[in-house]
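Here's the structure we're looking at; comments come further down.
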Amino acid sequence: MADLIIPQSVLADMVTHAKELAPYECCGLLAGTENTVTKIYRIKNVVALEGAQQLASFDPAKVAHLARLSPAERAEIAFVMDAQDLALAQKDMRRSGHTLQVVYHSHPHDPARPSVTDIKIATDYEDYWGKINLPVPAYLLISLMHQTPDIRAYWIKGGVVSPAQIATP
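Here it is as structure tokens:
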């Protein structure tokens, strides 16, 4: 039995999102009910916008240190969701009766498995989900390392990573 049910159209949209933002990481949320995804929310990755025209809207102190890194090095640490996009997505989920099912992002230069940074961030957020009465979401990664994108999902709880099975209706 699958842990997550994600329509092929949503998986395709995530891959498109990842390719559009490469060589930087894309990020977003998947919402639905009872482990079934029905909606995707593309969230701006603040770090990926470095050097783009939108950079002026971010605190330079938070992104300046990334200038010295290569795209591959940025990919390891460059996953910061835009707070406004995140708030709008959460508001829409509440309005539509959906809950967060999955946090996703891409690894343009690395395998579709959680990095040490990903595991730390997911573990740090465990308390947050409980405080707002939400279950811990699954984490989905899209690797663009090879010609065919690799999509894998995981549960990350207490710093322990375990695979999550995806079904596509």
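Quick note: the sequence shown uses the working numbering, first residue 71, plus one each step.
Ideal placement from N, C-alpha and C gives every residue a C-beta, glycine not left out.
Ranking K201, I212, A72 by CA distance to the CA of V173 puts I212 first. Restricting attention to V107, D162, D188, the CA atom closest to the CA of V80 is found in V107.
Taking 9 angstroms as the cut-off, the Cβ atoms of L210 and L74 count as close. Secondary structure note for V186: it is in no beta strand (DSSP E), and the uninterrupted alpha helix (DSSP H) holding it is 186-201. Checking the DSSP bridge columns, you'll see T103 partnered with T106. Non-local beta-carbon contacts of M151 in its own chain, meaning distances under 6 angstroms to residues more than five positions away in sequence, involve C97, I113 in chain order. Closest option to L156, judged by alpha-carbon separation, among A223, I110, V206, K89: I110.
If you look at H168, you'll find it isn't in any alpha helix (DSSP H); DSSP assigns it neither H nor E. As computed with DSSP, K161 is found in no beta bridge at all.
Checking the DSSP bridge columns, you'll see I226 partnered with V231. Linking A159 to V186 through their CA atoms gives a straight-line distance of about 26 angstroms. Between the C-alpha atoms of V116 and Q154 there is a straight-line separation of about 11 angstroms. M215 sits close to P178, with the two beta carbons spaced by under 9 angstroms. Per DSSP, A92 lies in no alpha helix (DSSP H) segment and is marked neither H nor E. For L214, there is no enclosing beta strand (DSSP E), as DSSP marks it with neither H nor E.
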